[in-house]
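Participant: The structure that follows is given in the form of C-alpha cells.
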Amino acid sequence: MDGNPETAIEELFDSYASDVYRFVRYMIGDSPDIDDIIQEIFYRAYKSWHQFRGQASAKTWLLRMARNYVIDQLRRTKRRPKYLDIADCQIAVQHDPLARIEMEELILKLPAKYRQVIILRYVEACSVHDTAIVLGWSESKVRTCAHRALKMLRSILEESCMKGAGTSGI
C-alpha cells in the first residue's frame, strides 16, 4: 500500500467498501444512515492511517474499525445489533432464495456473539485469525464459538424440521 494516506484510503475503499458495507448492514440492518456510517468509517481510517502497522490485513483492520464504530453508535442509541440479510451467504444457500431466507432466520435465533462469528467466518469468509482480530478474541475462542454456533444452528434446524414434519402430516 502506498505511504500516502489519500492514495491508500482510495485503494482500500475500492477494494473493501462492499465488504465493510455488508458487515455494517449485518450489524444494523437496512438503515438510511448506512452510507453515512460507511463514510465515517473510511474517514476514520484516513485519519488513523499512520497507526496502521500491517500486523493484520487492511480488510481486518477496516472491519475491526467498523465493528467498534457501530458498537459505539449502538451504545449511544441503546439499540442492539440485528444482523440481517444473509444475501451473500456461503453456507450452501447462495442460489436458493428460500433456503437463504430460512438460513437468515436460523442465524437470527443465535445469540449475538455466535451471529458475529458465523457472519465473519462463513459469510465474510474471514480466517480464524482475522475473525479473532475483528472481534478482539483469541483464536481459540473464535474456533470454540464457531463450533458451538454451528452446533446450535444444526439443533435449531433439526427442531424446525421436526415442527415442519409434525404439521405437514396432519
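Going by the UniProt record's numbering, the first residue of the sequence shown is number 1, and it counts up by one from there. All C-beta atoms in this analysis are idealised placements derived from N, C-alpha and C, irrespective of residue type, glycine included.
(1) In angstroms with no decimal places, state the Cα-to-Cα distance between Arg44 and Thr7.
(2) Does the stretch 102-122 touch the stretch 142-152, meaning 3 or more C-beta pairs lie closer than 8 Å?
(3) When the Cβ atoms of the stretch 145-155 are set against those of the stretch 52-61, are three or more pairs found closer than 8 Å?
(4) Kindly list the residues whose CB is nearer than 7 Å to the CB of Ser48, restricted to its own chain and excluding five residues on each side of it in sequence; keep chain order.
(5) Helix, strand or coil for Phe13, going by three-state DSSP, please let me know.
(6) Provide the residue span of the alpha helix (DSSP H) that contains residue 171, from first to last.
(7) Indicate the three-state DSSP secondary structure (helix, strand or coil) for Ala58 in the structure shown.
(8) If you reduce the DSSP assignment to three classes, tell me which class Lys141 lands in.
(9) Would you say Ser57 lies against chain D (beta-carbon separation less than 8 Å)?
(10) When you compare each of Ala146, Gln73 and Glu11 to Asp33 by their alpha carbons, which one comes out closest?
(11) Flag this pair as yes or no: are the beta carbons of Tyr69 and Ile28 separated by less than 8 Å?
(12) Taking 7 Å as the limit between beta carbons, can you name the residues of its chain near Lys113, skipping five residues before and five after?
(13) Am I right that Ile38 and Ala17 are in contact with their C-beta atoms under 8 Å? What's the rounded C-beta distance?
(14) Only counting the same chain, and skipping five residues up and downstream in sequence, which positions put a Cβ closer than 7 Å to that of Val128?
Facilitator: So, from the listed chains and residues:
(1) 15 Å
(2) yes
(3) no
(4) none
(5) helix
(6) Because the chain here runs from 1 to 170, residue 171 falls outside it and cannot be looked at.
(7) helix
(8) helix
(9) Given the protein chain composition of this structure (a single chain), no chain D is represented.
(10) Gln73
(11) no
(12) Cys145
(13) 7 Å
(14) Glu139, Val142 and Arg143
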